[in-house]
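Here the sequence shown stands for residues -36 to -1, 1 to 87, numbered as in mature numbering (1 follows the signal peptide of the UniProt record, and there is no 0).
Virtual Cβ for every residue (Gly too), placed ideally from N, Cα, C.
In this text the structure is predicted, and so the values were computed from the model without any measurement.
To start, the structure itself, in structure tokens.
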Amino acid sequence: MTFMNQAVNKIKQHRIKTALLTTLVASAFVSSAAIAAGDAAAGKGKSAVCATCHGPTGVAIAPMYPNLAGQNAAYLESSLKAYRKNERKGGMSAVMTPMAASLSDQDIADLAAYFSTQTLGKK
Ligand code: HEC
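In structure tokens:
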């Protein structure tokens, strides 16, 4: 093998390594996003307790409760985390705070995915 061939091979190997590394880094981002992302089907299973007030599809059973159907998932998540941390005060927060207290980050993501994909029209 000539010196030139060796050099070319080194460059090729380097390119392959770089490509592999890029793929690995990219897939790590994808899978961590998948972990953080909510699962609407799982959220539906966890929403039974919420239905008492917010209705089974997030259309509130009475005007004193907020509708959750179609609300942005990111907003649902941030509001649930704020209740969980006891940071949302006033209004009827005393009713909602204990509901969020035992939810995990995954529960919150799943519930947010479920309610955000519902539509306000149906009960
Ligand atoms: C006993 C009735 C009741 C139950 C059960 C209940 N909530 Fe609530 N929820 C409320 C009330 C009342 C509010 C408004 C509180 C306030 O004024 O801050 C609220 C507010 C919220 C909000 C904020 C809405 C907004 O527009 O800011 C979210 C999100 C929410 N609830 C999600 C849930 C989820 C998810 C569950 C089930 C784990 C649940 N709630 C269970 C009564 C309830």
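{"Item": "Helix, strand or coil for Thr83 per DSSP?", "Value": "coil"}
{"Item": "Within 10 angstroms of the Cβ of Glu51, are there 16 or more other Cβ atoms? Answer buried if so, exposed if not.", "Value": "exposed"}
{"Item": "Can you look up Ile25 in the DSSP assignment and give me helix, strand or coil?", "Value": "coil"}
{"Item": "For my contact list, Ala6 and Cys17 are in at a C-beta cut-off of 8 Å; report their separation, rounded to the angstrom.", "Value": "About 20 Å; that fails the 8 Å criterion."}
{"Item": "Out of Gly9, Asp3, Lys49, state which residue places its alpha-carbon closest to the alpha-carbon of Met60.", "Value": "Lys49"}
{"Item": "Tell me whether Glu41 sits in a helix, a strand or coil according to DSSP, three-state version.", "Value": "helix"}
{"Item": "What do you reckon, is the C-beta of Thr35 under 8 Å from a heavy atom of the ligand HEC?", "Value": "Before going further, note that residue 35 is Gln rather than Thr in the sequence given. Yes, the beta carbon of Gln35 sits closer than 8 Å to at least one heavy atom of the ligand HEC."}
{"Item": "Would you kindly check if the distance between the Cβ of Gln82 and the Cβ of Ser33 is under 9 Å?", "Value": "The sequence shown places Ala at residue 33, rather than the Ser named in the question. Yes, the pair counts as a contact, with Cβ atoms nearer than the cut-off."}
{"Item": "In angstroms with no decimal places, state the Cα-to-Cα distance between Gly9 and Thr21.", "Value": "12 Å"}
{"Item": "Compute the beta-carbon to beta-carbon distance between Asp3 and Asp71, rounded to the nearest angstrom, for a pair I have assumed lies under 8 Å.", "Value": "The Cβ separation is near 10 Å, so there is no contact."}
{"Item": "Compute the distance between the beta-carbons of Ala76 and Ala37, then report whether it is under 9 Å.", "Value": "yes"}
{"Item": "Buried or exposed for Ala58, please, with buried defined as at least 16 other CB atoms from any protein chain shown within 10 angstroms of its CB.", "Value": "exposed"}
{"Item": "Quick check: is any heavy atom of the ligand HEC less than 8 Å from the C-beta of Ala64?", "Value": "yes"}
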